[in-house]
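Below: the structure, in C-alpha cells.
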C-alpha cells in the first residue's frame, strides 16, 4: 500500500486580537506563526508569515515508523499575511498518523527571499502531531 501526501503553498487569511499575526521561531524575514503541535487532519498546515513580500521555498519531511516522505513547494507570500505549506495525507497515511501521533514528525525547512532587496532568510523546525 503506497503512502502519499500532496501539498501546496497557500495564502491563508486570518484574524487575530491585535490584527496582526504573532510570529514565533526566528528569522528576520520569515517566521513560524506557531511552533506548537499540529492537529492531524485531512489538511495539515505549517503556518508562516513574512515581514516583507517574499518568495518562499518550503521542504517538509514526514517521518514515521518505517518511512520518510519529502515534499517541496515554492510560492510568493505577501508581507504580514500568514500562509503556509499545506500537506494533504491520503487515507492510509492519515489513518496511520491518527492511530499513533507520537511516532510521527513533520520536519520543516523554509527559505525566503525578499522580492525587493534579494535578502534571504532560512528557518527550520520539527513539529509534533496531536489528535
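Numbering (the working numbering), first residue to last: 2 to 132.
Idealized CB from N, CA, C, for every residue including glycine.
Identify which residue in the options has its Cα closest to the Cα of residue i.
i: residue 88; options: 71, 81, 101; result: 71
i: residue 76; options: 65, 69, 54, 68; result: 54
Taking DSSP as the reference, what is the three-state secondary structure of residue i?
i: residue 95; result: helix
i: residue 100; result: helix
i: residue 130; result: strand
i: residue 75; result: strand
i: residue 120; result: coil
i: residue 3; result: Reliability of the predicted coordinates at residue 3 is poor, the pLDDT of 41 falling under 50, and the value obtained from them is presented with this limitation in mind. Note: residue 3 maps to coil in three-state DSSP.
Residue j and residue i - do their beta-carbons sit closer together than 8 Å?
i: residue 61; j: residue 109; result: yes
i: residue 36; j: residue 126; result: yes
i: residue 65; j: residue 128; result: no
I'd like the span of the beta strand (DSSP E) that includes residue i, first residue to last.
i: residue 65; result: 55 to 65
So, does the region 93 to 105 touch the region 115 to 123, judging by three or more C-beta pairs under 8 Å?
no
Validate contact between the region 41 to 59 and the region 75 to 87 using beta carbons, cut 8 Å, 3 pairs
yes
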